[in-house]
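The opening residue of the sequence shown carries number 0 in numbering that gives the first Met the number 0; numbering runs sequentially from there. Cβ atoms here follow ideal geometry from the backbone N, Cα and C, with glycine treated the same way. Note that this is a predicted model, so its numbers are computed, not measured. Notes for the one structure printed next.
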Amino acid sequence: MHIFDELKERGLVFQTTDEEALRKALAEGNVSFYSGYDPTADSLHLGHLVPILVMKHLQLAGHKPYALVGGATGLIGDPSFKDTERSLQTKDTVEGWVQSIQAQVSRFLDFENGDNKAEMVNNYDWFSDISFIDFLRDVGKYFTVNYMMSKESVKNGLKQAFRIPSLLTRLCKAMTFLS
0 MHIFDELKER
10 GLVFQTTDEE
20 ALRKALAEGN
30 VSFYSGYDPT
40 ADSLHLGHLV
50 PILVMKHLQL
60 AGHKPYALVG
70 GATGLIGDPS
80 FKDTERSLQT
90 KDTVEGWVQS
100 IQAQVSRFLD
110 FENGDNKAEM
120 VNNYDWFSDI
130 SFIDFLRDVG
140 KYFTVNYMMS
150 KESVKNGLKQ
160 AFRIPSLLTR
170 LCKAMTFLS
């Protein structure tokens, strides 16, 4: 059975951008993919299990998983859009949470064997050496205020105390995606 059909049959596919192209890519060979986890606590929760299981199925089908931990975005405080703002955590606290998440994900994915062994990456590694000015110049120049304001998450955030770090987190996520 094609891996896409297996995932769909299990109810693990909600929508895709181009199903035909995705099916073709999965059938032709080793596809690299990622799933991301922001360290907002010392443990993953039940909602993380489905993406991890999808990663496991894809890895068993020969594809290469990247487990992305948002160490940088975890320090900034990814917006939760709840009534109360998340409190900022220390670097040591977030790093401890990153290590806990890495340990939990490693129980499901194979990080040791084969050409498609999983890799754990932390976006803190990409952001820790970039200056704020370089970030604005090299990443921020690609985003307009109008584009940011058109996003539903930003519109919803404006109904609350929406802070600049919450807005700039979107740029961090874009850079992370491209890295």
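Asked, Found
"Report, in whole angstroms, the separation of the C-beta atoms of I100 and V68, which I expect to be a contact under 8 angstroms.", "5 angstroms"
"List the residues that DSSP assigns as beta-bridge partners of V35.", "The sequence shown places Gly at residue 35, not Val. Looking at the DSSP assignment, G35 forms a beta bridge with L67."
"Let me check one thing: in DSSP terms, what residues is M119 bridge-paired to?", "A66"
"The alpha helix (DSSP H) that contains D137, what's its start and end?", "131-137"
"Are A117 and Q58 close, meaning C-beta to C-beta below 8 angstroms?", "yes"
"Here's the rule I'm using: 16 or more other beta-carbon atoms within 10 Å means buried, otherwise exposed. How should Y36 be labelled?", "buried"
"Taking the alpha-carbon of T175 as reference, which of F142, V49, D124, M147 has the nearest alpha-carbon?", "D124"
"Thinking C-alpha only, which one of K23, V138, N115 is nearest Y65?", "N115"
"Do you know offhand how far R136's Cα is from S31's?", "29 angstroms"
"Under a Cβ-count criterion, where at least 16 other Cβ atoms within 10 Å of its own Cβ denotes burial, should L167 be classed as buried or exposed?", "buried"
"Leaving aside the five residues before and after A24 along the sequence, list all residues of the same chain whose C-beta is less than 8 angstroms from its C-beta, in chain order.", "V30"
"Pick helix, strand or coil for A60, following the three-state DSSP scheme.", "coil"
"So, using beta-carbon positions, are D41 and G76 closer together than 8 angstroms?", "no"
"Give a yes or no on whether the minimum CB-CB distance between I75 and chain D is below 8 angstroms.", "Note that chain D does not occur in the displayed structure, where there is just one protein chain."
"Under 6 angstroms Cβ to Cβ from G73, same chain only, skipping five residues before and after it: list those, please.", "D37, P38, V93"
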